[in-house]
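Protein chains in written order, with the numbering used here: chain C, 1 to 204; chain H, 1001 to 1204. This report refers to the structure that appears directly beneath it.
2 protein chains.
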Amino acid sequence: MTDLLRTPGPGAEGLTDHLRERWSVSVFDAARELGDEEIAALLHAAQWAPSAGNGQPWAFIVAERGNAAHDVLVQHLSRGNSGWVPRASVVFLALAQVAPDEDGNGPKWPTYAYYDLGQAAAHLTVQAASMGLWVHQFAGFDQEAVARELGVPDHFQLLTGIAVGARGNHDEVSEDDAARERRDRIRKPLEQFVYGDRWGQPWR
Amino acid sequence: MTDLLRTPGPGAEGLTDHLRERWSVSVFDAARELGDEEIAALLHAAQWAPSAGNGQPWAFIVAERGNAAHDVLVQHLSRGNSGWVPRASVVFLALAQVAPDEDGNGPKWPTYAYYDLGQAAAHLTVQAASMGLWVHQFAGFDQEAVARELGVPDHFQLLTGIAVGARGNHDEVSEDDAARERRDRIRKPLEQFVYGDRWGQPWR
């Protein structure tokens, strides 16, 4: 049996639906496929995320079960991610433009490219929640090997995989993968990272 | 007169509400104040954003009209941002932990800290939309000067200001600031940044 909902963590109770109910699912339904329109909707959410100077310093490779990008990805997953990631319906490989392209266009520094890619990933995640889908981002794979085998140019850097799908049945996965979903969800209290007049001064 | 809605851009039409209607407002209502509960709700959205290894490598300084952080910020805004930013109800100064703290805890590299701070900013933005508020993130200020004057330690880096408030009246601002809100909103089409089997191969 699979619990479909978890109790929101402390502080999350009052958030809007798609944030309050979000968490990183680790047991996906391996039989669920996403249609082209569903995948496109997720990509459009990333497309319309904000970015510094509207630079849109991001790219995505759509790794779907059966395509070449997916085949490469699964060969380079960390041991801990090798069980659950392939059950996701799709994995978006998320890349940031970290240097100018051959025409000199693009960021001199990767700082805001990373930041903006994170924003695009978050927008994709919120859109997925609105469609009844679940997301688990991961960095535990050999990014350099995957980028090399997929022909990614040097001015882009592969950061994360964004696994998306429907929730699956715990009976079909290893105990380790099922246990991931029962971990406590915790966050630092606001007092530890929110300040008022200056750094170290409490807000309120 | 102020248009309260803009037509969603091409590709954004089918997105969930808080993404479809989002854009970066530049004319805020200078009379609108946010209550503590509203500000806390925005911070809780950031708090519950996902992060690599649950590192939560972020911090926020709440710059409100009249507090010391706000006074410092407004002295270091770029010329283009000096008119509209002070009209926002609150500016969250967003910082990433870019190195280990004095106890050796925290990231060795800032890459995922920037990415995760971007995610936290996006979650805050979605929460604001759900509360009828508008957001405009900006990087056009002297981050180093503001960080120094606010006592930010070296292992944190100040990246952006996240201005939040209600929409204001165009009659009360300069023509330049009003004109910002009439700029066309454009994005690259998916074909330019989404690939399938490998880099450069179209998806579908």
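All C-beta atoms, glycine included, are put in the ideal place defined by N, C-alpha and C. Predicted, not measured: the structure shown is a model, and the values here were computed from it.
Interface with chain H (8 Å Cβ-Cβ cutoff): Phe60 of chain C is included.
Using a Cβ-Cβ cut-off of 8 Å, Gln127 of chain C counts as an interface residue toward chain H, since at least one Cβ of chain H sits closer than that to its own. If you check the CB distance, Ala1094 of chain H and Leu1042 of chain H do not come in under 8 Å. Uninterrupted beta strand (DSSP E) stretches at least 3 residues long and entirely within the stretch 1067 to 1128 of chain H occur at 1090 to 1097, given in chain order. In this structure, H:Asp1154 is the residue among H:Met1131, H:Glu1149, H:Asp1154, H:Val1090 with its C-alpha nearest to the C-alpha of Ala1096 of chain H.
Below the 9 Å Cβ cutoff, chain C contributes Gln47, Gln56 as neighbours of Lys1188 of chain H, in chain order. Counting along the chain, the unbroken alpha helix (DSSP H) around Ile1039 of chain H starts and ends at 1036 to 1047. Under the three-state reduction of DSSP, Gln201 of chain C is assigned to coil, being neither helix nor strand. CA-to-CA, the gap between Glu1013 of chain H and Asp1103 of chain H works out to about 48 Å.
Taken through DSSP and simplified to helix, strand or coil, Glu21 of chain C comes out as coil. Of the other Cβ atoms in all chains shown, 16 or more fall within 10 Å of the Cβ of Arg1087 of chain H; this residue is therefore buried. The C-beta of Phe1141 of chain H comes no closer than 8 Å to any C-beta of chain C. Within a 10 Å sphere around the beta-carbon of Asp1017 of chain H sit fewer than 16 other beta-carbons, which makes this residue exposed.
Proximity of Asp197 of chain C to chain H, defined by a Cβ-Cβ separation below 8 Å, is satisfied. For Glu144 of chain C, the secondary structure class from DSSP, reduced to helix, strand or coil, is helix. Within 10 angstroms of the beta-carbon of Gln1075 of chain H lie fewer than 16 other beta-carbons, which makes it exposed. Judged by DSSP secondary structure, Glu1064 of chain H falls within the beta strand (DSSP E) whose first and last residues are 1058 to 1064. Pairing Val90 of chain C with Leu124 of chain C gives a Cβ-Cβ distance that is not under 8 Å.
Taking 7 Å as the cut-off between beta carbons, the residues of the stretch 77 to 111 of chain C near chain H are Thr111, in sequence order.
DSSP lists no bridge partner for Phe1193 of chain H. Counting only residues of its own chain and dropping the five nearest sequence neighbours on each side, Ser1130 of chain H has a CB closer than 8 Å to the CB of His1018. For Ala1179 of chain H, the enclosing alpha helix (DSSP H) starts and ends at 1175 to 1180. Per DSSP, Ala52 of chain C is not a residue of any beta strand (DSSP E), being assigned neither H nor E. Here Trp84 of chain C is buried, its C-beta having at least 16 other C-beta atoms within 10 Å. No Cβ of chain H is located within less than 8 Å of the beta carbon of Val27 of chain C. Under a 10 Å Cβ-count criterion, Ala1049 of chain H is classified as buried, with 16 or more other Cβ atoms of the shown protein chains found around its own Cβ. Residues of chain H with a Cβ closer than 7 Å to the Cβ of Ala68 of chain C are, in chain order, Asp1197, Arg1198. For Trp203 of chain C, the C-beta contacts it makes with chain H under 7 Å involve Val1062, in order along the chain. C-alpha of Pro1202 of chain H to C-alpha of Ala59 of chain C: approximately 12 Å in a straight line. Secondary structure of His170 of chain C (DSSP, three-state): helix. The C-alpha of Asp1071 of chain H lies about 50 Å from the C-alpha of Asp36 of chain C. Comparing alpha-carbon positions, the option among H:Ala1163, H:Val1098, H:Val1173, H:Gly1011 lying closest to Gln1056 of chain H turns out to be H:Val1098. For the pair Val1027 of chain H and Val1173 of chain H, the CB atoms are nearer than the 8 Å cut-off.
Comparing alpha carbon positions, the residue from H:Gln1157, H:Leu1133, H:Ala1128, H:Gly1132 closest to Asp1142 of chain H is H:Gln1157. Listed in chain order, the positions of the stretch 146 to 170 of chain C with a beta carbon within less than 9 Å of a beta carbon of chain H are Ala147, Glu149, Leu150, Gly151, Val152, Pro153, Phe156, Gln157, Leu159, Thr160.
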